[in-house]
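Residue numbers (my numbering): 210 to 613. No residue lacks a Cβ here, since even glycine has one placed at the ideal position from N, Cα and C. From a predicted model like this one, the values you see are computed outputs, not experimental measurements.
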Amino acid sequence: MALGISEPWQVVKIEFNAESHRLDLYLDFPEGSNFPCPVCGKSCLAYDTDERSWRHLNFFEHLTYLHARLPRVKCDEHGVKTVGAPWARPGAGFTLLFEALIMTFAKNGMTPKAISRLVGEHDTRIWRVLEHYVEASRAKEDFSPVSMVGVDETSRAKGHTYVTLFADMEKHKVIFTTEGKDHTTIENFRQDLEEHGGDALKITDFSIDMSKAFIKGIGEKFENAAITFDKFHVIKIINDAVDKVRRAEQKLCPELKRTRYVWLKNEENHTDSQREIYEELKDSTLKTARACRIKDMLQKLYERPAEDAPAHLKRWYFWATHSRLTPIIKAAKTIKVHWDGVMRWFESGLNNGFMEGINSLVQAAKARARGYRSTKKMKVMIYLIAGKLNFDLPRVMPYATHTK
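Encoded structure:
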């Protein structure tokens, strides 16, 4: 009953070794038992067997293994087939309950290396379980409702190695990841979208940063989609420009040293000391203070009603381009080139805040794992963290650990 097996399966022998902390359960079936053909389900007589073993959930602190002779049947229509074990998936060395335990640990943030230490298995075997269930779950995904997509890249390793993430912006879940961050990532996404029942023509909006590669790919592969440049990246462009002005000016104005976040943070996020410095310098004749005022005006764009936004952005652009601050002028011209995408925000309301949050979670997971040996492994972890996949696993009870 504890194993959840039914006739004709039965426990025929139990071996318990207290010294090695191990419990072995031997399962078998009576001679002359019939089993369904794995292909058509027709009842067939077992005529041969194949010995197998599976790691099971620990019995208290004791490692537990199941052993059984898997029957082979000969179907008139499909020939000789090995019958699967009801307690394990085909080809696996773990029972379904043990794999459910592994997936539970992984979904709760444990790294495969940490799981391997806890359960006493090599992490390669843990990765195989994770990869199987992620692939099987993604195979059942239906992307037909997807119409609004967020795109962002995240680093996998040093040396400009990236993975690009695609998310359903309505369900807030990652639906696809692929290596690289060039325009071919968009093509790869379209292929995966259509393989899961999605329609490229139904995609109405993309939320992206100002990546030329993403813009090119979307223009080529998603003809009905409009692009929204999310406000996070628009403000980041002007923030970077403000910081460049500060770094150049601090050579002559020592009061600007160590004030980077005074100018980059919003006022409500300042610490007491940052607020004091800001109040003292914000209305000064410093170039950095003037650049910060220009930044503040751009931020106010997103507080304006949609009908007033174009006029506000035009006024801001005139001020920025006549500021005589080279980094600010360059930033303004970059925004002018992407004007339509900036204005699209007032229709779509999309931003990549969710994507940035996922990026932070992915980088935190990467740090805990001390990096991933391959892009495939990193993609598996991204789906576990942010894919909201349904793994259809049996429920597991609290686990008693065993230390070898």
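Assuming residue i is part of the alpha helix (DSSP H), what are its boundary residues?
i    : result
V443 : 440-458
A574 : 562-578
A323 : 321-328
P514 : No alpha helix (DSSP H) holds P514; DSSP gives it neither H nor E.
G550 : 548-557
N397 : 393-404
L339 : 332-348
Y235 : Element bounds for Y235: not the alpha helix (DSSP H) but the beta strand (DSSP E), 231-237.
T584 : 584-595
Which residues mark the beginning and the end of the beta strand (DSSP E) in which residue i is found?
i    : result
K222 : 219-226
D414 : 414-417
T386 : 382-388
G288 : 288-291
Tell me the DSSP secondary structure of residue i in three-state form.
i    : result
T494 : coil
R502 : helix
V282 : strand
R533 : coil
E476 : helix
G426 : helix
V358 : strand
T610 : Caution is warranted here: a pLDDT of 47 is assigned to T610, below 50, making its placement in the model unreliable, and the coordinate value is therefore given only provisionally. Of the three classes helix, strand and coil, the one that applies to T610 here is coil, per DSSP.
Y487 : helix
F303 : strand
D351 : coil
G318 : coil
L598 : coil
Can residue i and residue j be called in contact, C-beta distance under 8 Å?
i    : j    : result
A277 : R298 : no
H265 : L279 : no
D377 : V358 : yes
V551 : V443 : yes
L374 : I591 : yes
V355 : G428 : no
R469 : R484 : no
L402 : F352 : yes
P603 : L339 : no
L593 : A315 : yes
Would a check of beta-carbon distances place residue i closer than 8 Å to chain C?
i    : result
W472 : The displayed structure is made up of one protein chain only, and chain C is not part of it.
Check the DSSP bridge columns for residue i and list the partner residues they point to.
i    : result
H265 : T273
Y371 : S364
P245 : S252
A376 : G359, V383
I311 : I311 pairs with nothing; no bridge assigned.
I436 : F415
T258 : P280
Just to check my reading of the structure: residue i and residue j have Cβ atoms closer than 8 Å, yes? What is that Cβ distance to the nearest angstrom?
i    : j    : result
P519 : K453 : Actually they do not touch by this definition, with Cβ atoms about 27 Å apart.
Say yes only if the C-beta of residue i is nearer than 7 Å to one or more non-hydrogen atoms of the ligand SAH, and no if none qualify.
i    : result
T370 : Absent from the structure shown: the ligand SAH. Ligands present: none.
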